[in-house]
Structure formats: C-alpha cells, structure tokens
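Asks:
Residue numbers (the working numbering): 570 to 669.
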C-alpha cells in the first residue's frame, strides 16, 4: 500500500471554497438571466458540481480523520475534486459562450 500524499489537507479547504463559488454563481445567474435557456443548464450543472465538491470535502475529511483507510479516502477525494473541476469548466464554457 502506498503512502498518503497529504493532499487531503489541500483538497478540504479548496473544495469547501469552490462549493461556495458554485453557490455564488448560481445566485448571480438566477438574478441576471431572464431567459431560461443557458441559465437553466448552468444552474443544474453548478448544482451538480456543488454536490461533487461536497463529496470531495467529505472524503477528504474522512482521509484526515481515518488511520487505516487514509490512502483510500484520499484517492476518492482527489477523483471527486478533479471531476468537479471539469464540471465547473464545462459550466464556464456554457455560461461564457452560450453553447446551449
């Protein structure tokens, strides 16, 4: 079994902050968008993104608190974090270029 990379100490605060960013952008989109075209998709995508960042935060916390499954939880937190970043990038593209 490999040693933990101590990523959880970085993932936990960053994913918590990104969760707040998702909520802020959802609020701004709801206030500024009158049509439901792109705003509908961006809201849903960012809501899903917020849940993925929440999962990343939870697994990162479990990694810090666990003695026996630190590497396992850290790997899951890392994967959720990267998935959430990709999801946020897609939301940014949708919002910026109004692809949908």
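Don't be surprised by glycine CBs; every beta carbon is placed ideally from N, CA and C. Please read all numbers here as calculations on a predicted model, not as lab measurements.
Touch check for the region 643-650 and the region 580-591: three-plus C-beta pairs under 8 angstroms?
Replies: yes
Asks: Tell me which same chain residues have a C-beta within less than 7 angstroms of the C-beta of residue 665, skipping the five on either side of it?
Replies: Along the chain shown, one-based indexing puts residue 665 at 96. So the list is empty, once near-sequence residues are dropped.
Asks: Consult DSSP for residue 614 and reduce its assignment to one of helix, strand or coil.
Replies: Numbered from 1 along the chain shown, position 45 holds the residue referred to as residue 614. Helix.
Asks: At the level of alpha carbons, what is the spacing between residue 598 and residue 609?
Replies: By one-based count along the chain shown, residue 598 stands at place 29. By one-based count along the chain shown, residue 609 stands at place 40. C-alpha of residue 598 to C-alpha of residue 609: approximately 9 angstroms in a straight line.
Asks: Run the CB neighbour count on residue 593, radius 10 Å, all protein chains shown included, and call it buried at 16 or more, exposed below.
Replies: Taking the chain shown and counting its residues from 1, one reaches residue 593 at position 24. Classification for residue 593: exposed.
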